[in-house]
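Each remark here refers to the structure printed beneath this line.
Chains as they are written, first to last, in the working numbering: chain R, 11 to 493; chain V, -11 to 305.
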């Protein structure tokens, strides 16, 4: 069930009404209801993979309780190891099996040993990378003594499977989300209205920006050899806004839906394309994943307290693992490696935390320097997206070769240029809207709050109209579902 | 909660009303590149407006042609007239059998053909028909068939176009649209035909032989069967004709024979691919549309075939 489907448009109001009008009297029953609807939501993709969610839930709930009982470090380590093995084992089998087997076979064949990869076809379950990381964070926090193990299996099951963020995040921490399942929720008008606004803005990002950019990005990436350099540059631009609109749009809808049900999820995006350097970009892009890696990988590895060689090693590890988390393909490793290279000069100059506050915080427009910094950061990020989007390293290389040709300065040549101009106009309007709202949690958060209600409502109606005017008429899943 | 729900209930009808206002404004003033789900082209590509206006006074004729753009670009009334036959062409872009049946139901009483030549192209049996519906909404009349089509598709562009066309007709703005006889190199010829004076439009995309299959939709075969039954009930015979396409285009598809077999089971059928020698460059506009030199070779061959089969009786000379 996709957020941008009629099915979900019926599902969410039904859940909302039942949640607040039928099950509001008992926290336990309300949580149980959320578990049931979350499992129903997930089963609309493939009910068989519910067993994996159940497995992950039972393992980490049980290990959490066992960690609470045992004080001996050896036993606690063994329990933590079991949780890591179970969760990462699931990921290894369902996400990375083909990658390792295929590369092993390729390695053997390069050594002159013939082999074959067998016929086991493993399907990637939707959202597995997200919920395994979420449950892992719980066990690690309990192991570290930063969180008390829960004795409420229903609340824990709801924390693992909570439908708004189950398949593509934000990857929540138990300290934030689980605690909310254990406290009585009350309906809050302002929070619900903010939730609806965020859902609306998320749908605009996905259906107006991302899906329309996708049409041209797909066209360029499908056949880089038949397009000239400037068309390929446009393809990268379109993909940059496709992936941002798609993923941050999903996060907005997830956070908005949660607000309707009385939950606050963590922020996942903070206007990343207005970043002035790569360090700032990574504090603003997929925040729930970057902070996960920071807290559970980078800091345990020694973080920035090591000598120079150790810090460089840690940077590469974190970015390569982050790339590999996205998919079992060398292209994602290359994407992560590129970002590590982009980040390295900042770290060496100890300037990776110089841009912490929002750009042009008290001004309407950026300074010339800020504009150049944002543009150059965007160019670096967009260039790295080529590897993220490409099917293989060869494909990425072919794209870059086509891009870096003399035709980069020629007029772009591709089909449906009139429509592309329209999409570029939409992207430009979107950037202006995001810039205007960059100090807020999301661009629409406080839009028009001083205007009369009818003008504000007309603005919302206009956004609904834009969604109708630019919606794809065929199903368009979110990109991050594949991760 | 009460305030939240009452606000939502107030917002919903206001939003619906404003949606219509924005739709009208967008249709009137937004650049075409921004009209993604509103493709309203009265007097647009394919001269359907001129054709349907002429159909109101046409007939009786010897031959009525129905079908896709292959029909209005492939059956020239002037060539038929040279052989002593009258012909009217009711083709439209991407017309599926479902749309053909609607046009027949609307116009056959007026045109009163002795024979219907139903142009069948496999591609039109694979598509959803939205393109043809949008064309009919903008250029045709609005009746119960139109409303059935709108309900059938459940497609947002169809809803938008229908609502926009209601506004255009209500304000009589559509009545003022006059379609040019010649536009973009296409010339409308009385009798529903469109002659292209542009020559070869583009090189064929390279499609590997046998690399594709037609994915047919059963609803189109059902509509074709219903159309033939409808004509039979009127006492009008039907023949199914496939116009020539380039050899490379035809060879790209694996299941052409399946299509030929299925349509041949419904009515007399002829496939002109391979029956006449055509030049891939000179005789075609693109991979599957005939250019005028191609039409001048195809039409006499078709007339010969129809006469030989007894479908047309040569006029006494």
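Glycine included, every Cβ here is placed at the ideal spot set by N, Cα and C.
Euclidean distance between Cα positions of residue i and residue j
i, j, result
"residue 389 of chain R", "residue 419 of chain R", "16 Å"
"residue 34 of chain V", "residue 125 of chain V", "14 Å"
"residue 235 of chain R", "residue 408 of chain R", "7 Å"
"residue 339 of chain R", "residue 250 of chain R", "20 Å"
"residue 208 of chain R", "residue 164 of chain V", "44 Å"
"residue 177 of chain V", "residue 168 of chain V", "11 Å"
"residue -7 of chain V", "residue 274 of chain R", "21 Å"
"residue 58 of chain V", "residue 210 of chain R", "44 Å"
"residue 149 of chain V", "residue 26 of chain V", "6 Å"
"residue 488 of chain R", "residue 300 of chain R", "20 Å"
"residue 290 of chain V", "residue 260 of chain V", "8 Å"
"residue 13 of chain V", "residue 277 of chain R", "37 Å"
"residue 246 of chain V", "residue 213 of chain V", "16 Å"
"residue 417 of chain R", "residue 431 of chain R", "19 Å"
"residue 423 of chain R", "residue 237 of chain R", "6 Å"
"residue 3 of chain R", "residue 395 of chain R", "Given that chain R is displayed from residue 11 to residue 493, the structure contains no residue 3 of chain R and the question cannot be resolved."
"residue 12 of chain R", "residue 18 of chain R", "6 Å"
"residue 290 of chain R", "residue 269 of chain V", "57 Å"
"residue 80 of chain V", "residue 475 of chain R", "30 Å"
"residue 439 of chain R", "residue 170 of chain V", "38 Å"
"residue 71 of chain R", "residue 121 of chain R", "45 Å"
"residue 116 of chain V", "residue 141 of chain V", "8 Å"
"residue 55 of chain R", "residue 21 of chain R", "15 Å"
"residue 108 of chain R", "residue 98 of chain R", "15 Å"
Residue j beta carbon less than 7 Å from that of residue i
i, j, result
"residue 85 of chain V", "residue 173 of chain V", "no"
"residue 448 of chain R", "residue 368 of chain R", "yes"
"residue 106 of chain V", "residue 54 of chain V", "yes"
"residue 222 of chain R", "residue 480 of chain R", "yes"
"residue 150 of chain R", "residue 306 of chain R", "yes"
"residue 269 of chain R", "residue 179 of chain R", "no"
"residue 148 of chain R", "residue 193 of chain R", "no"
"residue 127 of chain V", "residue 37 of chain V", "yes"
"residue 341 of chain R", "residue 400 of chain R", "yes"
"residue 180 of chain V", "residue 99 of chain V", "no"
"residue 204 of chain V", "residue 112 of chain V", "no"
"residue 174 of chain R", "residue 59 of chain R", "no"
"residue 69 of chain V", "residue 119 of chain V", "no"
"residue 383 of chain R", "residue 456 of chain R", "no"
"residue 100 of chain R", "residue 160 of chain R", "no"
"residue 197 of chain R", "residue -11 of chain V", "yes"
"residue 330 of chain R", "residue 346 of chain R", "yes"
"residue 239 of chain R", "residue 386 of chain R", "no"
"residue 308 of chain R", "residue 288 of chain R", "no"
"residue 6 of chain V", "residue 468 of chain R", "yes"
"residue 252 of chain R", "residue 220 of chain R", "yes"
"residue 69 of chain R", "residue 46 of chain R", "no"
"residue 78 of chain V", "residue 91 of chain V", "yes"
"residue 215 of chain R", "residue 272 of chain R", "no"
"residue 200 of chain V", "residue 240 of chain V", "yes"
"residue 90 of chain R", "residue 153 of chain R", "yes"
Other residues of its chain near residue i: CB distance less than 7 Å, five sequence neighbours each side excluded
i, result
"residue 283 of chain R", "254, 388"
"residue 8 of chain V", "151"
Whole-number beta carbon distance between residue j and residue i, since they are thought to touch under 8 Å
i, j, result
"residue 62 of chain R", "residue 138 of chain R", "7 Å"
"residue 217 of chain R", "residue 14 of chain R", "6 Å"
"residue 228 of chain V", "residue 108 of chain V", "5 Å"
"residue 325 of chain R", "residue 343 of chain R", "Incorrect: roughly 15 Å between the Cβ atoms, too far for contact."
"residue 213 of chain R", "residue 226 of chain R", "Not quite, the Cβ-Cβ distance comes to about 20 Å (not below 8 Å), so this is no contact."
"residue 288 of chain V", "residue 266 of chain V", "Actually they do not touch by this definition, with Cβ atoms about 13 Å apart."
"residue 297 of chain R", "residue 280 of chain R", "7 Å"
"residue 43 of chain R", "residue 33 of chain R", "5 Å"
"residue 225 of chain V", "residue 299 of chain V", "7 Å"
Beta-carbon proximity list for residue i, same chain, < 6 Å, skipping 5 on both sides
i, result
"residue 198 of chain V", "242"
"residue 137 of chain V", "121"
"residue 201 of chain R", "269"
"residue 123 of chain V", "36, 80, 81"
Is there contact between the segment 59 to 66 of chain V and the segment 282 to 290 of chain V, where contact requires at least three CB pairs shorter than 8 Å? yes
Does the count of Cβ pairs from the segment 40 to 57 of chain R and the segment 69 to 76 of chain R closer than 8 Å reach three? no
Answer yes if the segment 150 to 167 of chain R comes into contact with the segment 29 to 46 of chain R, meaning at least three C-beta pairs across the two stretches below 8 Å, and no otherwise. yes
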